[in-house]
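What follows is a single structure, written as structure tokens, with notes after it.
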Amino acid sequence: MARYDRAITVFSPDGHLFQVEYALEAVRKGTTAVGVTGTDIIVLGVEKKSTAKLQDARTVRKIYKLDDHVCLAFAGLTADARVLVNRARVECQSYRLTLEDKVTIEHITRYIAGVQQKYTQSGGVRPFGISTLIVGFDPTGAPCLYHTDPSGTYSAWKANATGRNSKTVLEFLEKNYTETSGDDTVKLAIRALLEVVEPGSKNVEVAVMTRDGGSLRILDDAEVDAITAVIEADKVAAEAAKKGPSSS
Amino acid sequence: MDCLFGFVGDGFVMMGADTSACQSIIRVKQGIDKILETGGKKLMGAVGDGGDRVQFTEFIEANMQLYSFRNGVPLSTNATAKFIRGELATALRKGPYNANLLVGGLDAGEVSLYYIDYLATLHKMNCAAHGYGALFMYTLFDSEWKPGMSLEEAKVLARKCIAEVKLRLVVAPPEFLVKIVDKDGCRVVSLEE
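Those protein sequence lines, which keep their order, are chains R and P.
When the letters of the first sequence are read in order and numbered with numbering that gives the first Met the number 0, they come out as residues 0 to 247.
When the letters of the second sequence are read in order and numbered with numbering that gives the first Met the number 0, they come out as residues 0 to 192.
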């Protein structure tokens, strides 16, 4: 007889939770997502997985709105993300109903991380195979970026990346991150993503949130291509400058 | 003592409600807005016992917002009315809500108004009203309402309805708030001439 109360996530003799670590492997296989905060803007960039010819690309979403003022991007199993996003959306409305106030970014992150943790300590379930980047502005108007992972850990970041090649992206951000604002932040986020993704609007999706700009805005293809072109031009100019003085 | 009324016009729905919150024979507060402007182009007016009125409409609003986030589009007026009725019906034989509502809205240019009462009755109507004032308003609707009224004509009708209630009802509310919803969204209208 099948018994569903046996835990799947149990400790190994040397203190590892293998299911959680395998979930992190699943995240590492997912397409890259990067989040960058500026003084008055937050940018989320995701690698667009190549869609099949007959597939409607608009229905393959990696950036979700949880409430008017909170957004989530993820890396990992899409179906797991859908379920977690749904739970988070219900929590956002439930909070509004009970407390007549919108959730803080920290609250909803703590909630999502709590759900992820619960699934590492329950019977008959496996952890969610996703890491999330949760963004929004807190009540004081400061931009927030939080990262959660399958173990249920969460922490705040100035900029972070998750998914495949996230190490490379994070190294780039560590080297190049400065406090920027407006378009400069968008450029920084796209530059970081282009370290590991082919340039072009069909490979990259970018969404921005500004403090007084209302809710999430997804940049259209023309805008992304324009910024990518500027980045490429800057790169070419930088190469030329390096070689410049020596050639005559 | 609560009074809520609504009717459809040419590309808009007009809804009016009194602004008093009462406890038996005492007027506790004036200036209450009983008409919620909800997701998309919709007005949801509710009258009834204070707690139920607010709790129920806020619960409905939260569910409408959730629907918008899940599906990317706001709930239609018809679906909203059906959902409200469903919730009232389920609660009716457990812990009923004492709330009477009118839901009016615009969906792709079409206007509609729905009458919902505390027993979970649902009717799509051109003109509807709740409360003791409804007794007088329905006769005025019968003689004065016509399809495709302009905003000015609607204001005239609303003024007549409120005047009749104030004239004939012993417990007539002193103040009313009137709103409309049209293609530009929801807003308060002044009935001043």
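Cβ atoms here follow ideal geometry from the backbone N, Cα and C, with glycine treated the same way.
Quick caveat: nothing in here was measured; it's all calculated off a predicted structure.
Straight-line gap, residue i to residue j (C-alpha atoms, nearest Å)
| i | j | result |
| --- | --- | --- |
| Lys48 (chain R) | Trp144 (chain P) | 58 Å |
| Leu156 (chain P) | Arg84 (chain P) | 28 Å |
| Met0 (chain R) | Pro149 (chain R) | At Met0 (chain R) the pLDDT is 43, less than 50, meaning the model places this residue with poor confidence and gives no usable figure here. |
| Gly5 (chain P) | Ile24 (chain P) | 26 Å |
| Leu16 (chain R) | Tyr118 (chain R) | 12 Å |
| Leu172 (chain R) | Ala158 (chain R) | 7 Å |
| Gln29 (chain P) | Leu35 (chain P) | 17 Å |
| Arg190 (chain R) | Leu169 (chain R) | 12 Å |
| Asp1 (chain P) | Pro172 (chain P) | 7 Å |
| Leu118 (chain P) | Ile40 (chain R) | 49 Å |
| Gly71 (chain P) | Asp13 (chain R) | 47 Å |
| Ala45 (chain P) | Tyr176 (chain R) | 53 Å |
| Val12 (chain P) | Leu190 (chain P) | 15 Å |
| Val134 (chain R) | Asp55 (chain R) | 27 Å |
| Glu24 (chain R) | Ala239 (chain R) | 40 Å |
| Ala221 (chain R) | Thr30 (chain R) | 22 Å |
| Ala236 (chain R) | Arg86 (chain R) | 47 Å |
| Ala61 (chain P) | Val196 (chain R) | 39 Å |
| Lys123 (chain P) | Arg60 (chain R) | 38 Å |
| Cys91 (chain R) | Val9 (chain R) | 32 Å |
| Glu109 (chain P) | Asn125 (chain P) | 12 Å |
| Ile230 (chain R) | Thr179 (chain R) | 16 Å |
| Phe58 (chain P) | Lys166 (chain R) | 44 Å |
| Phe175 (chain P) | Thr18 (chain P) | 6 Å |
| Pro73 (chain P) | Val82 (chain R) | 21 Å |
| Gly113 (chain R) | Pro198 (chain R) | 36 Å |
Check whether residue i and residue j have beta carbons under 8 Å apart
| i | j | result |
| --- | --- | --- |
| Val188 (chain P) | Lys154 (chain P) | yes |
| Gln115 (chain R) | Gly162 (chain R) | no |
| Ile7 (chain R) | Arg125 (chain R) | yes |
| Lys186 (chain R) | Ile217 (chain R) | no |
| Leu193 (chain R) | Leu132 (chain R) | no |
| Asp66 (chain R) | Lys101 (chain R) | yes |
| Met63 (chain P) | Thr89 (chain P) | no |
| Val19 (chain R) | Ala188 (chain R) | no |
| Gly8 (chain P) | Met148 (chain P) | yes |
| Ala16 (chain P) | Leu3 (chain P) | yes |
| Leu71 (chain R) | Tyr63 (chain R) | yes |
| Thr184 (chain R) | Gly37 (chain R) | yes |
| Thr76 (chain P) | Val102 (chain P) | yes |
| Ile111 (chain R) | Ala80 (chain R) | no |
| Gly104 (chain P) | Leu166 (chain P) | no |
| Tyr145 (chain R) | Thr108 (chain R) | yes |
| Val223 (chain R) | Val205 (chain R) | yes |
| Val164 (chain P) | Gly132 (chain P) | yes |
| Ala98 (chain P) | Arg26 (chain P) | no |
| Leu100 (chain P) | Ile115 (chain P) | yes |
| Lys40 (chain P) | Cys185 (chain P) | yes |
Where the alpha helix (DSSP H) through residue i begins and ends
| i | result |
| --- | --- |
| Ala128 (chain P) | It is not in any alpha helix (DSSP H) - Ala128 (chain P) instead sits in the beta strand (DSSP E) that spans Cys126 to His129. |
| Ser290 (chain R) | No statement about residue 290 (chain R) is possible, as the shown extent of chain R runs from 0 to 247 and does not include it. |
| Asp116 (chain P) | Element bounds for Asp116 (chain P): n/a, residue is neither H nor E. |
| Thr177 (chain R) | That residue, Thr177 (chain R), is in no alpha helix (DSSP H); it is neither H nor E in DSSP. |
| Ala154 (chain R) | Note that residue 154 (chain R) is Ser in the sequence shown here, rather than Ala. Taken as a continuous stretch (DSSP letters only), Ser154 (chain R) belongs to no alpha helix (DSSP H), being part of the beta strand (DSSP E) at Tyr153 to Ala155. |
| Val196 (chain R) | That residue, Val196 (chain R), is in no alpha helix (DSSP H); it is neither H nor E in DSSP. |
| Asn77 (chain P) | Thr76 to Leu91 |
| Met136 (chain P) | Ala133 to Glu143 |
| Glu105 (chain R) | Ile104 to Lys117 |
| Ala171 (chain P) | Looking at the DSSP string, Ala171 (chain P) is not in any alpha helix (DSSP H), and its letter there is neither H nor E. |
Start and end residues, beta strand (DSSP E) containing residue i
| i | result |
| --- | --- |
| Ala98 (chain P) | Ala98 to Asp106 |
| Leu57 (chain P) | In the sequence as presented, Leu is not what sits at residue 57 (chain P); that position holds Glu. Careful: Glu57 (chain P) lies outside any beta strand (DSSP E), inside the alpha helix (DSSP H) at Gly49 to Asn70. |
| Phe6 (chain P) | Leu3 to Val7 |
| Phe73 (chain R) | Val69 to Gly75 |
| Thr161 (chain R) | Ala158 to Thr161 |
| Val35 (chain R) | Ala32 to Thr36 |
| His146 (chain R) | Pro142 to Thr147 |
| Glu204 (chain R) | Val203 to Thr209 |
| Leu35 (chain P) | Ile34 to Thr37 |
| Glu46 (chain R) | Ile40 to Glu46 |
Residues that DSSP places opposite residue i in a beta bridge
| i | result |
| --- | --- |
| Cys193 (chain P) | Because chain P is modelled from 0 through 192, residue 193 (chain P) falls outside the range shown and cannot be assessed. |
| Arg186 (chain P) | P:Ile179 |
| Tyr63 (chain R) | R:Leu71 |
| Arg57 (chain R) | DSSP lists no partner for Arg57 (chain R). |
| Phe171 (chain R) | Paired residue(s): none; Phe171 (chain R) is not in a bridge. |
| Met43 (chain P) | P:Leu35 and P:Val102 |
| Gly122 (chain R) | R:Ala6 |
| Arg216 (chain R) | R:Val207 |
According to a CB-to-CB cut-off of less than 9 Å, which residues of the stretch 4-20 of chain P neighbour chain R? none
Which residues, in order along the stretch 51-83 of chain P, keep a beta-carbon less than 7 Å from a beta-carbon of chain R? Glu57, Phe58, Ala61, Gln64, Leu65, Phe68 and Arg69
For the stretch 55-72 of chain R, enumerate the residues whose C-beta is nearer than 8 Å to any C-beta of chain P, in chain order. Lys64, Leu65 and Asp66
Using a beta-carbon distance cut-off of less than 7 Å, what residues from the stretch 96-115 of chain R approach chain P? Leu96
Under 9 Å (Cβ pairs) to chain P, residues found in the stretch 122-139 of chain R: none
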